[in-house]
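The next block holds one structure in the form of structure tokens; read it before the comments.
Protein chains in written order, with my numbering: chain A, 904 to 1097; chain B, 15 to 174.
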């Protein structure tokens, strides 16, 4: 009797351990950048290629950096949430367009000259924002994905909450659901806004 | 096999990185066996975050191609292996290392198997000792009374 009790106990312990493991998202890898200053960058702005933008421009207020691309399927799922967010909340939302052309497997990059890639990227990004709405205060173009590497981007879409001192306070990997927005991001922004 | 896949992946990576990103030094470095060996060794230490059970050396994911390119350019800049691994850990965390460092949070990861082994060995010895004492009982010579009972039983059987 005692013996069966132990076996049953061990089984229950193992089962609950595995149940917890199954409910975790294996793709959500904690970012070492949370709590650290956002990496500096300087990229051209989509709407005005003469202009560049760097994170230091937003010192003094919390803001969001959202990594997206037109080839990213989950971005389409996330986009309405961002459009709603931009309508309701007065927090700058900056788009980081990540590898717009070379991230899309349909292009043979060996046949595409660099300036053509930039032109194509701008055209595709603009078309996408026209079609789905533009929630971004501005979008910067990370053509080769180098800034993405500095931010530790590994799965688009990703969203970073950056505080008024330029420190990354949260990273959300994958599309933002309305729940994640309401339960995680908005409360954090409210706290940071004080 | 892995080496062959790596060469293939590298060839594909170089092919797609091709014209736009490549410069003379990239091609020169691909031909430099020492730098190429370092790139391979480092890539095997690093996990591809897109297909999480592959190394950057094995993975054909876009990110792995980008990270190999990044490693190559850091090798070209004369950075040490540790500097390159630190660069990756600063961006992607310890998870990017195929051999996680031993520290507080990874203690169970490293110590767990040893702990389980010790528990197993302990259980095995406890079982063997119990079993030995049971067997010891069985090998004890029969007492006179037991011997006569057996004799009686055997005789009874013969008579049937």
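Even glycine gets a Cβ: it sits at the ideal position worked out from N, Cα and C. As the structure is a prediction and not an experimental result, all values here were calculated from the model.
CB contact check: residue i to chain A, cutoff 8 Å
{"i": "residue 104/B", "result": "yes"}
{"i": "residue 54/B", "result": "no"}
{"i": "residue 76/B", "result": "yes"}
{"i": "residue 59/B", "result": "no"}
{"i": "residue 123/B", "result": "no"}
{"i": "residue 64/B", "result": "yes"}
{"i": "residue 84/B", "result": "yes"}
{"i": "residue 107/B", "result": "yes"}
{"i": "residue 80/B", "result": "yes"}
Helix, strand or coil at residue i [DSSP, three-state]
{"i": "residue 74/B", "result": "coil"}
{"i": "residue 1039/A", "result": "coil"}
{"i": "residue 150/B", "result": "helix"}
{"i": "residue 985/A", "result": "helix"}
{"i": "residue 940/A", "result": "strand"}
{"i": "residue 105/B", "result": "helix"}
{"i": "residue 89/B", "result": "helix"}
{"i": "residue 118/B", "result": "helix"}
{"i": "residue 949/A", "result": "coil"}
{"i": "residue 160/B", "result": "helix"}
{"i": "residue 95/B", "result": "helix"}
{"i": "residue 976/A", "result": "helix"}
{"i": "residue 1063/A", "result": "strand"}
{"i": "residue 1015/A", "result": "coil"}
{"i": "residue 1010/A", "result": "coil"}
{"i": "residue 172/B", "result": "helix"}
{"i": "residue 80/B", "result": "helix"}
{"i": "residue 100/B", "result": "helix"}
{"i": "residue 35/B", "result": "Low confidence applies here, because residue 35/B scores a pLDDT of 43, under 50, leaving its location unreliable; read the following figure in that light. Residue 35/B: helix per DSSP, three-state reduction."}
Chain B within 8 Å of residue i, Cβ atoms only
{"i": "residue 1048/A", "result": "yes"}
{"i": "residue 977/A", "result": "no"}
{"i": "residue 934/A", "result": "yes"}
{"i": "residue 929/A", "result": "yes"}
{"i": "residue 1001/A", "result": "no"}
{"i": "residue 920/A", "result": "no"}
{"i": "residue 1058/A", "result": "yes"}
{"i": "residue 893/A", "result": "No answer is possible for residue 893/A: the residues shown for chain A start at 904 and end at 1097."}
{"i": "residue 1045/A", "result": "no"}
{"i": "residue 1052/A", "result": "yes"}
{"i": "residue 1055/A", "result": "yes"}
{"i": "residue 1006/A", "result": "yes"}
Proximity test, residue i beta-carbon vs the ligand FAD heavy atom, cut-off 7 Å
{"i": "residue 1000/A", "result": "Because no ligand of any kind appears in the structure shown, any question about the ligand FAD cannot be addressed here."}
Same chain, Cβ closer than 7 Å to residue i, neighbours up to 5 away in sequence not counted
{"i": "residue 69/B", "result": "57, 58, 60, 61, 62 and 112"}
{"i": "residue 1096/A", "result": "965"}
{"i": "residue 961/A", "result": "995"}
Same chain only: Cβ atoms within 8 Å of residue i, ignoring 5 sequence neighbours per side
{"i": "residue 979/A", "result": "1035"}
{"i": "residue 1070/A", "result": "938, 939, 940 and 941"}
{"i": "residue 64/B", "result": "73, 75, 76, 77 and 78"}
{"i": "residue 1084/A", "result": "984 and 988"}
{"i": "residue 47/B", "result": "none"}
{"i": "residue 120/B", "result": "108 and 114"}
Bounding residues of the beta strand (DSSP E) (the contiguous stretch that carries residue i)
{"i": "residue 999/A", "result": "996 to 1001"}
{"i": "residue 60/B", "result": "Looking at the DSSP string, residue 60/B is not in any beta strand (DSSP E), and its letter there is neither H nor E."}
{"i": "residue 966/A", "result": "966 to 971"}
{"i": "residue 1072/A", "result": "1071 to 1076"}
Element boundaries [alpha helix (DSSP H), containing residue i]
{"i": "residue 1049/A", "result": "1049 to 1053"}
{"i": "residue 906/A", "result": "905 to 926"}
{"i": "residue 1094/A", "result": "1089 to 1096"}
Chain-order list of residues whose beta-carbon lies under 6 Å from that of residue i (same chain, five-residue window excluded)
{"i": "residue 78/B", "result": "62 and 70"}
{"i": "residue 982/A", "result": "1035"}
{"i": "residue 947/A", "result": "955 and 1044"}
Any 3 or more C-beta pairs closer than 8 Å across the stretch 119 to 127 of chain B and the stretch 85 to 104 of chain B:
Under the 8 Å Cβ criterion, the stretch 119 to 127 of chain B does not count as touching the stretch 85 to 104 of chain B, having fewer than three qualifying pairs.
Three or more C-beta pairs closer than 8 Å, one from the stretch 129 to 142 of chain B and one from the stretch 964 to 983 of chain A: is that the case here?
no
Answer yes if the stretch 949 to 965 of chain A comes into contact with the stretch 907 to 923 of chain A, meaning at least three C-beta pairs across the two stretches below 8 Å, and no otherwise.
no
Is it the case that the stretch 1016 to 1029 of chain A contacts the stretch 924 to 943 of chain A, given that we only count it when at least three CB pairs across the two stretches are under 8 Å?
no
Indicate whether the contact test is met: 3 or more Cβ pairs, each with one atom in the stretch 994 to 1011 of chain A and one in the stretch 1026 to 1045 of chain A, closer than 8 Å.
yes
Below 8 Å, can you find three or more Cβ-Cβ pairs linking the stretch 98 to 106 of chain B to the stretch 1049 to 1068 of chain A?
yes
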